[in-house]
Amino acid sequence: MITARHDVHEAIRAALANDSLQRALNTHPLERTARVRASLAQLPDAPDLRRRARQIKDYSLAHLDVLLEELAERLEERGGRVHWARDAAEAVAIVEGVAREHGCRRCIKTKSMTTEEIGLTAALQAGGVATVETDLGEFILQLAGDRPSHIITPMIHKTRQQAARLLAEKLGARHTEEPAELVRIVRKNLREVFVKADMAVVGVNFAVAETGSLVLLTNEGNGRWALARPRVLAAVMGMEKVIARLTDLAALLRLVVPSAVGSALTSYTSIVTGPRRAGEADGPEHLHLVILDNGRSAVLGGPYRELLRCVRCGACLNVCPVYRKVGGHAYGSVYPGPIGAALTPLLARGAGHTGQLRELSSLCGACLEACPVLIDIPRLLIRQRGDRGADGQGGWGFRWAMRAWGWWCGGRRRYRLAQQLLGWLLGPAARGGWVVRLPGALGAWTRCRDLPLPARHPFRELYRRMRGKR
Amino acid sequence: MRTDAGTASERQRQAFLENVRRALGQTRSNGSAAAAGTGERTNARPVQPENNRERAAQAKSQDNALEVFCRRAREAGMTVVRCGSPAALGEEVRGLLRRLGATAVLLEDDPLLRELGVAEAARGAGAQTTSGGGAAAALAADVGISAAAAGLVETGSVVLTTGAGRSRLGSVAPPVHLTILPAARLCRDWSELWARVAGGPGVELPALVTLVTGPSKTADIEMTTVIGAHGPLAEYVFVVG
Amino acid sequence: MGRMRVSLLTTCLTDTFFPGAGAAAVRLLERLGCTVEAPAGQTCCGQPQFNNGLHAAARRLARRLVEVFADSPCVVCPSASCTALIRDYYEWLFADEPGQLPQVRALIRKTYELTEFLTRVLRVDWSSLGLHGSGKVTYHYSCRSRGIGVGPEATVELIGKIRGVEYVPAGKLDQCCGFGGTFAVKLPEVSEALAADKAACLAATGAETVVVNDGGCALNLMGYCHRHGIRLRFVHVGQLLAEALGPTGGAVNGVLV
Chain A
28 MITARHDVHE AIRAALANDS LQRALNTHPL ERTARVRASL AQLPDAPDLR
78 RRARQIKDYS LAHLDVLLEE LAERLEERGG RVHWARDAAE AVAIVEGVAR
128 EHGCRRCIKT KSMTTEEIGL TAALQAGGVA TVETDLGEFI LQLAGDRPSH
178 IITPMIHKTR QQAARLLAEK LGARHTEEPA ELVRIVRKNL REVFVKADMA
228 VVGVNFAVAE TGSLVLLTNE GNGRWALARP RVLAAVMGME KVIARLTDLA
278 ALLRLVVPSA VGSALTSYTS IVTGPRRAGE ADGPEHLHLV ILDNGRSAVL
328 GGPYRELLRC VRCGACLNVC PVYRKVGGHA YGSVYPGPIG AALTPLLARG
378 AGHTGQLREL SSLCGACLEA CPVLIDIPRL LIRQRGDRGA DGQGGWGFRW
428 AMRAWGWWCG GRRRYRLAQQ LLGWLLGPAA RGGWVVRLPG ALGAWTRCRD
478 LPLPARHPFR ELYRRMRGKR
Chain B
9 MRTDAGTASE RQRQAFLENV RRALGQTRSN GSAAAAGTGE RTNARPVQPE
59 NNRERAAQAK SQDNALEVFC RRAREAGMTV VRCGSPAALG EEVRGLLRRL
109 GATAVLLEDD PLLRELGVAE AARGAGAQTT SGGGAAAALA ADVGISAAAA
159 GLVETGSVVL TTGAGRSRLG SVAPPVHLTI LPAARLCRDW SELWARVAGG
209 PGVELPALVT LVTGPSKTAD IEMTTVIGAH GPLAEYVFVV G
Chain C
3 MGRMRVSLLT TCLTDTFFPG AGAAAVRLLE RLGCTVEAPA GQTCCGQPQF
53 NNGLHAAARR LARRLVEVFA DSPCVVCPSA SCTALIRDYY EWLFADEPGQ
103 LPQVRALIRK TYELTEFLTR VLRVDWSSLG LHGSGKVTYH YSCRSRGIGV
153 GPEATVELIG KIRGVEYVPA GKLDQCCGFG GTFAVKLPEV SEALAADKAA
203 CLAATGAETV VVNDGGCALN LMGYCHRHGI RLRFVHVGQL LAEALGPTGG
253 AVNGVLV
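Protein chains in written order, with the working numbering: chain A, 28 to 497; chain B, 9 to 249; chain C, 3 to 259.
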């Protein structure tokens, strides 16, 4: 879930100094945001759709136990098998068990943040099951031994040159930097992998309780190979993905896909209801659904429940000013961006650097504005900052200073005195009305900007004069 | 039918659900958590409704539905051709296969395709045709031809379903995929779609329902859209009627 | 028809660093037919404490503010972020003090950001006022305006009413400038990168003047531009409009201003 021994500030500095990353971050998230906005503008009732989407997810969460049971029953009626994993270790063990049970040695994977969360690929490989990521971006990252940095476009941080070098090096392909040709190389390379795979591991975008269906939204076609060819299918799903009815699915898709990629639907929307049926030519003989908790029930039971509405569209990442500057890896967690900052500390309680994640926000609200299910991330981050016992990044000295500042503002006279003191303290350090260096921790301000001196006559004085008083 | 999962698996399920129930029970009794959590802030800046009246007015008559479907399907990157009759369809099929230089064609074993004489048309273009579901055929085909169970106007998608004689691979593996869609199978919106493919929402869905809304593609490399990834490089839709 | 009574919620940053913006807001509102008073007892809304999770400290300041403005029929604030704090968060802040909630809700109902007040409450008919100006003007959208449902178009429209002024939209118009209050000193490198980004977008417009509607953004961007020799004049939207009204205002609602 999180990167061990991750230093957020060091990672931020490295990200800001990484020119090719900065070039990527300066264009791609903005392009994607523009497309998303254009796509959403075509919906006649976007604000209503968002409220309805929120309602659907809130209902699901409030009835999660009932819906999960219904989902399981329907799926089992259709011949699927359902497993319940309370944590990452259980989930990995289950998938390994499925592979063993069916004698699978060659596994293909589609893109799934949930499987990243539980570290499934490494575990399967270690257990002797060759596991190939088939989503193009994930495939290239796997070759590089790298991790995704975005929920939807995993290798947003890599250039075509880097991709070209990797394919040439690891696949012996001829060197080309043309994206179309790179894709062709990967297509050719993976075709045999698809044909020979005996097991597929997929993620789940939505699960419909009413019918026992799993919904996969894909563009590349690798998801469809996974549903067509291997005889064993294992789907790993965060438990919050379940929704009640097919009608709910339509309402969510209308909003989620445009929010994620800026089009009405992805190229392929696959609705899977059980393994293959009698008389059918292909499709998995065995379908296993692994439902994952891994900290979600704790979130469900508390004031942060709305985070579980998340449909993993990635819209918040694309609009976040912090993400746009530091990229995904700087967060040091499987889920980056605003949703990652808010959710990770709750799923991975007290682990590593998670206490710092809530600071990776200027509270600008762009995420809330973009979120199709109206998750109020700024509010939740503020709440986390206020949680008792929270070790704020600033430490007790910072908190003391903030409280002291509050005290100075607590009365008219001491507030006025504070203004005067500020002017007297800063005056000598100023040049031409501007302070160029502040002491101590405040020096962070003056590293890159000046501070104007407080006005000689603050507004309250001007106002008194305007009213003819002294 | 529930396979006999054994007590261990049942215990697993109960333990899992117990955690969920406990969490829900906490908030059901603890009102303040709910009150302080989710506020009414929608923060939704009003979306410019420029195209909306146009779109809303369009979803009226059946003729318009076909136009809208074709437009959206094209916007999604599919090549859409309207065929007034089975004869016209045959022409288009022959024309397409010749243009592609296709020699191996895989058709679904489907009554609609038989009725429309698609196999004959394909052979008329000099292609070898195979029918039904065989992986080898799917892997060797230049073109895969499917019959659409439905079309969804709202998104411009063709809808494929599984069944006997239909190979999933047949619409995934070949570099070109063609869907034959009778105009009468168009559904204006999702609820019509569920009614058509399941006999009503929640009745009985096929093992796999696939909405195809464009050829396979990826934008993973520097956000540059490349058409043709692991699935078909091109999707054709021939609408009949 | 009587004049509307409004109270000005100055904000601590405007009071301390940008008194001219406060004065302009008063003059503007008066010329538009309001009676304006700025209660002397006001200090700070508590946002820095609140954003950092120090909610007890924030509540003390909020309680004071609620009291100071208890008798005001209408509160107008030149800063988007302070308005947003009150409207979006004060109710939550007092969730455990139900006794306070009626007064808090009353304040929430009657508090407006200046642009919002001019557009939605006063509904000023600008065409009858003959606004005049000159030069190229651009705009930095304060991200906190989102919280109160005010989009960039509100201010852009106002700028558009000034004859002689050429509005040039800045790139990344609605991207946060990197102030974020204490964010600027807690995540200084990211804050700097955002300030640099925004300053570059503003400078690229070729405009001489940048309109802002938040003191925090102004402090951040003015400081950055001054350090880096970027010549941009930052004005509050109230100042721009007050200047555009000219020395003689004409009449509004039958009242000579």
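C-beta: ideal position from N, C-alpha, C; glycine also. Computed from a predicted structure; not experimentally measured.
{"Asked": "Beta-carbon neighbours of D17(C), restricted to chain A and to distances below 7 Å", "Found": "P485, F486 and R487"}
{"Asked": "Local conformation of A325(A) per DSSP, three classes", "Found": "helix"}
{"Asked": "Cutoff 8 Å: F24(B) Cβ touching any chain A Cβ", "Found": "yes"}
{"Asked": "DSSP three-state assignment for F19(C), whether helix, strand or coil", "Found": "helix"}
{"Asked": "Test item: CB-CB of G382(A) and A38(A) under 8 Å", "Found": "no"}
{"Asked": "Strand pairing of S240(A), partner residues [DSSP]", "Found": "V235(A)"}
{"Asked": "Cutoff 8 Å: P348(A) Cβ touching any chain C Cβ", "Found": "yes"}
{"Asked": "CB of G330(A) within 8 Å of CB of R410(A), strictly", "Found": "This sequence places Pro at residue 330(A); Gly is not what is there. The answer is yes: Cβ separation under 8 Å."}
{"Asked": "Within chain A, partners of L105(B) - CB distance below 7 Å", "Found": "By Cβ distance, chain A contributes nothing, its closest Cβ being about 22 Å from L105(B), past 7 Å."}
{"Asked": "Endpoints, alpha helix (DSSP H) assigned at A287(A)", "Found": "L273 to V288"}
{"Asked": "Enclosing beta strand (DSSP E) for F236(C) [first to last residue]", "Found": "R235 to H238"}
{"Asked": "Beta-carbon gap between L87(C) and F119(C) smaller than 8 Å", "Found": "no"}
{"Asked": "Whether L63(C) touches G433(A) by CB criterion (8 Å)", "Found": "yes"}
{"Asked": "Any chain A beta carbon closer than 8 Å to H238(B)", "Found": "yes"}
{"Asked": "Among E396(A), S176(A), A227(A) and L198(A), nearest to V213(A) - alpha-carbon criterion", "Found": "L198(A)"}
{"Asked": "Those residues which DSSP pairs with S360(A) across a bridge", "Found": "I29(A)"}
{"Asked": "Exposure of H238(C), with buried meaning 16 or more beta-carbon neighbours within 10 Å", "Found": "buried"}
{"Asked": "is_contact[G222(B), chain A] using C-beta, thresh 8 Å", "Found": "yes"}
{"Asked": "Helix, strand or coil at S147(C) [DSSP, three-state]", "Found": "helix"}
{"Asked": "Beta-carbon spacing of R500(A), H315(A) below 8 Å", "Found": "Outside the modelled stretch of chain A, which goes from 28 to 497, sits residue 500(A), for which no answer is possible."}
{"Asked": "C131(A), enclosing beta strand (DSSP E) - first and last residue", "Found": "It is not in any beta strand (DSSP E) - C131(A) carries neither H nor E in the DSSP assignment."}
{"Asked": "Identity of the residues DSSP links to K225(B) by a beta bridge", "Found": "I235(B)"}
{"Asked": "Any C-beta of chain B under 8 Å from that of R304(A)", "Found": "yes"}
{"Asked": "Residues that I39(A) contacts on chain C, provided the C-beta gap is smaller than 8 Å", "Found": "L189, E191 and V192"}
{"Asked": "Whole-angstrom distance between L160(B) and A278(A), CA atom to CA atom", "Found": "15 Å"}
{"Asked": "Burial state of V170(C) (16 or more Cβ within 10 Å)", "Found": "exposed"}
{"Asked": "Reduced DSSP secondary structure (H/G/I, E/B, other) of F77(B)", "Found": "helix"}
{"Asked": "Whole-angstrom C-beta distance between A157(A) and R132(A), which should lie under 8 Å", "Found": "6 Å"}
{"Asked": "Between the CA atoms of D17(C) and T473(A) - distance to the nearest angstrom", "Found": "21 Å"}
{"Asked": "Rounded Cβ spacing between V113(B) and V167(B) (contact assumed at less than 8 Å)", "Found": "So it is not a contact: roughly 22 Å between Cβ atoms."}
{"Asked": "Rounded straight-line distance, which links the Cα of S17(B) to that of A397(A)", "Found": "41 Å"}
{"Asked": "9 Å Cβ cut-off: residues of chain C touching D75(A)", "Found": "Residues of chain C passing the Cβ test: none, with the nearest at roughly 16 Å."}
{"Asked": "Segment contact, 8 Å Cβ cut-off, at least three pairs: the segment 46 to 64 of chain A with the segment 242 to 249 of chain A", "Found": "no"}
{"Asked": "Rounded separation between P80(C) and R441(A) - CA only", "Found": "24 Å"}
{"Asked": "Buried/exposed call for T54(A), threshold 16 Cβ in 10 Å", "Found": "exposed"}
{"Asked": "Identity of the residues DSSP links to A242(B) by a beta bridge", "Found": "V184(B)"}
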